[in-house]
Every structure is written in C-alpha cells, then in structure tokens.
Amino acid sequence: MQSVPGELSARIESAAGIDPQLRPATKPQFGHYQTNVALRLAKSAGRPPRQVAEELLAKLDLDDLCEPPEIAGPGFINLRVRSRVLAAIATKLAHDPLAGLEPVAQPKTVVIDYSSPNVAKQMHVGHLRTTIIGDCFTRLLRALGERVIPQNHVGDWGRQFGMLIEQIADERLDLDSLDLAGAEELYLRANRHLDADADFADRARARVVALQAGDPPTIAVWQRLIAISKAGFNQTYARLGVLLTDDDIAGESSYNDMLEPICRDLEDRGIAVVDDGALIVRVDGFDAPVILRNSAGGYGYDVTDVAALKHRVDDLRADRLIYVTDARQHEHFLKLFAVCRLAGYLPEGVAAEHVGYGMVLGADQRPFKTREGTAAHLDDLLDEAEQNAAPAVALAAIKYADLSNQLQKDYVFDPVRMTQTTGDTGPYLQYAHARVAQVLKRAGQVATDVTRLEEPAEQTVALALSRFPDVVEQVAATLQPHRLCGYLYELASAFSVFYENCPVLSSEGATRESRLALCQAVGNVMAKGLNLLGIEAPDRM
Ligand code: ARG
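Under my numbering, think of the first position of the sequence shown as 4, with each following residue one higher.
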C-alpha cells in the first residue's frame, strides 16, 4: 500500500528537487504533516521563503490527498490529509489482515546471523537479546517479501571439547542421562579438573587433536554433546516462540573444510602475512589484527567467521548480511567486513551490518549474573518474569522491554515494571488489542467501512493507522524495532482516547458501523505490529 506521507513526499520532491523531509505536525492546528522545504530552497537561492513556498505550491497538485496547503510562519508548509483519504485507508486496513503490508518489488536475500549459543552451555541473557532481536528482524523482512535466511552460528567447535570428552570418559558418564543443564555442570567440572591436573590437561589436548583428525569414537561423543545441546536450545526457542528451526543451524564446525584453503588464498595474494608464527591480516584503523591461524596452527573464531561470510555470499547468495550480537563484538565484525572486502569475498553490492545490543542489567544496574557470577541463564529470566504474570504476558513483557529501547542501550530487567498492563509495556499493547477484539465480538456484526471521521479523536486514530506501512518499511531499513514499538504505543494511546470520547457500541446507524470498522482496522494493525515484534496478540486476556 502506498502510504500517504510516502506519496506526499514523492510529489513534493519531484516539484522541489530536494527531499522535503516531511514530519508529523508538532501541533494539531498545524495540520498533519509539515515541511521546511521552502525555507531550505529559499536559503540556497537567497530569496524570500514565503514566496518560494507559494511558487512551489502553485506547481504542486496535492488536491486528491490534502486540504489546500497552508503556508505558516516564516515559510513552513502545513498539510492536512483529507478525511475521505484517511477513511479510505482505514477501510482498507479494516479489510486486510496483513494491515496494508505489501511485498517489495525486488525481493532481496537477507542472511541474519542470530542466537548462536554455544554447545554444552545454557543460553544466557545475551542470547536472549540476540534471539528476540533476530526473530523480530526475520519477521519484519519476511513481511515485506524479502527472502530471509536465518543462520544460527552455534559454537560447536573448539578446544573445550577436548576436556569435555576426557571428563566424560573419566566419569564414565552415561550420555543418555545428560541434558543441557547437566552438560553445563560437566563443563564446569572439566574446567576445574583442567586447572588442577596437568596430566588431565595433556589428555584434553591430545583429545582435541583426535577430534580434529576425525577419530570416530571421539566424533561420536562430540556429536552426542551437540544433540543434547540442540535439544536444550530448542526447548528455549519453543518457550520464546521464535521462528528458528534446526534447518537454520550452521555451526562453526560446518566451516572446517574451508579454513585451510582460505588461509592459503589470502596468504598467496599477500593479504595475510605470517607474524610470530601466526597468519594474520592487519586492518587499517585497528590495533589488533584478524587472526586466521594461530602460532600453534589452530583455527579460531575470526577465520571461521571469514568462512561463514564467504559461504553466505557465494552459496546462499546473500544481498544483505546482518549479524546480531552483543555490542562488545562490534570491532570483531568491522574487522571481519574489512578483511572480506579486501579479499573480494564481500563484493560492493552486498551490504553487511553488525547490529550490536547493550547489556541486560539487574536491579543493581550491573550485568545480570547468576549466583556463581556467570551471566544469568535465559530460562531463569523467563522464570522470574513468569512469577509476575502468565507465560504469554511475561513473554510479551520481556520481548517488548528488549525491543522498545534503542538496541545499543543497556536496559534494566525489572520484571514488576515490564509486566504492568499500563504504561509503555508489552502487556499494555496486548490489552489494547484484546479490548478492540472484545468490542468487535460484542458488536455482533462484521465491520464494514470507515465512512466518517468527524471527531478529532477518530481523525487521530485514522492518521496513526495510515502511517503503519511506512513505519514498518523504515524499521526494516534502519533495523530499529524501538520505532515500531513507539508507533504501536502511540496507536494504542490514540485508540484509548477515541474509545473514551466516541461511543462505539452504544452509537447508532452509520456512525456505529464506521466506528466498528475503525476498531477493526486498529485491531488488524495492532495484531500485525505485535506479530512483527514476535509478540502474541490474544483476543482476550
Ligand atoms: N557463539 C557466540 C557467542 O555466544 C556468538 C556468535 C555470533 N555470530 C558470529 N557469526 N560470530 O558469543
């Protein structure tokens, strides 16, 4: 659906030659939208702005969309969208469960790297954020018709498997009885053992070599650890209601065969150099190099990401790469992108973005920790939120808290505040949606068309509704879900003012029908908007 502000911008731009930077009006008496385009044009031309505004308006035909535009103050142009235009849009939204979202003309392939927990460790609060944010991006981009390929870059390779497998052998541990929580305890025991016993440390090292050489019994235990971990991750994903499946798993180990050829390629072309026995790439502007192979001949996190990126470009045919991790990894990804551009693995036409998020803090404003001082488990957080609300509401609360601030910012996990049903919370939006659903149910008739928008409160709701497709598009382009949250909160607030001031069920005739249709449009947009955030929108609470 072509949005009204989008259409207005396009028309003004074609007449003015510059982007009008259309903004919602700051006060109702200024209409619905404002632009300072005439002021900017006048400045560069050295002419009186009001005159420039008049000339511009004379060239423009907005009559089908707007009331006659007004020139205000020094030369602002104020626009008021015609009621019948807003009514037509609201009517469309009332009839469209997709709430006016249309597929883009040329779909892109977008690969999103998110969640990416580590084998034999429970997901911690950091994984909560990447999982929720990545899921939201997936939903948003899919709603716009993009081809989204999620990639769960599970940490399933590395030196830790040496000690894990040796510890299992030492304890004669029955793997059938092990779950992910048990595997994590095993991890802690193995770690302590490693520190205390030099002989064990030697065996663990030898076991890493056996794993890398593909020794069958070693591989078998390693695979069991992966299976146990996957089952644990899947329980958490089910609990979170995210779209990730086993098909999206592309663990670090899946790139093992690519590592050696990549090193050779980069060394041959002089992009990588040997330094102190290690193979590295130096990147302008960064102190630490990208390490392709360490001095012991081992491959690690950096080179695995080079391989993963190459796979996503060459085999998955990505047009856009998105990585969602903790903000502290930002430098890692900037260097990764730089090396891959240099190597030609990341061609000009492919965009690469790292979306870093802030930390989840406890009430004491410090990173959320377990009693043992490690990052808190995701399941504990869910449990805590569920002490304050039913599971579906608790989940809405968590997801909304996670998405409604700028992602880069830290936020305080406050289960009492975020489960409240008033204020800027997920449950408040769920209630707003359920309230609409109940009104429609009690009406006992199917909503028809929005035909009248006489009351200011009706106008405000319709105007908010008309912005939805635009907001979604912007959020998908900028990857800033807090803007969608803010929009939905605004819509819910506008609806609430409307509902207090404009009787719906007790009104009659055409007014009743029109208001019911407006309610239906709000319901559709709220449901779709919440769905894009990964939040359920039940009809009753
Ligand atoms: N496994 C890592 C962690 O838990 C995150 C991996 C992120 N993705 C990537 N391609 N490096 O911190």
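For each residue, glycine too, the CB sits at the ideal point set by N, CA and C.
Query, Result
"Rounded distance between the beta-carbons of residue 154 and residue 253, thought under 8 angstroms", "5 angstroms"
"As assigned by DSSP and simplified to three states, the class of residue 412", "coil"
"Beta-bridge pairing of residue 258 - partner residues as DSSP gives them", "Per DSSP, none; premise fails for residue 258."
"Own chain partners of residue 249 with C-beta closer than 8 angstroms, once the 5 adjacent residues on each side are dropped", "233, 237"
"Beta-bridge pairing of residue 37 - partner residues as DSSP gives them", "26, 81"
"Contacting residues, own chain, Cβ-Cβ under 7 angstroms from residue 70 (five flanking each side not counted)", "83, 85"
"Unbroken alpha helix (DSSP H) run spanning residue 486, endpoints", "484-504"
"Residue 163 beta carbon near the ligand ARG (any heavy atom closer than 8 angstroms)", "no"
"Identity of the residue in 357, 431, 522 nearest residue 137 by Cα", "357"
"Cβ-based burial, residue 517 [other Cβ within 10 Å; buried from 16]", "buried"
"Within 9 angstroms, strictly: CB atoms of residue 228 and residue 291", "no"
"The segment 363-370 / the segment 313-320 touching (three or more Cβ pairs under 8 angstroms)", "no"
"When 377, 92, 411 are compared against residue 527, the one with the closest alpha-carbon", "92"
"The segment 280-289 / the segment 103-123 touching (three or more Cβ pairs under 8 angstroms)", "no"
"Boundaries (first-last residue) of the alpha helix (DSSP H) holding residue 296", "No alpha helix (DSSP H) contains residue 296, which is instead part of the beta strand (DSSP E) from 293-296."
"Assigned secondary structure, residue 124 (DSSP; H/G/I helix, E/B strand, else coil)", "coil"
"Residue burial classification, residue 504 (beta-carbon count within 10 angstroms, cutoff 16)", "exposed"
"Distance cut-off 8 angstroms: residue 390 Cβ against heavy atoms of the ligand ARG", "no"
"Closer than 8 angstroms: residue 308 CB and nearest the ligand ARG heavy atom", "yes"
"Neighbourhood of residue 519 by C-beta distance below 8 angstroms, restricted to the same chain and skipping five residues each side", "442, 443, 446, 448, 450, 451, 507"
"is_contact[residue 357, chain B] using C-beta, thresh 9 angstroms", "Any reference to chain B falls outside this structure, which holds one protein chain only."
"Burial state of residue 469, where buried means 16 or more other Cβ atoms lie within 10 Å", "buried"
"Contact between the segment 486-505 and the segment 421-433 (3+ Cβ pairs under 8 angstroms)", "yes"
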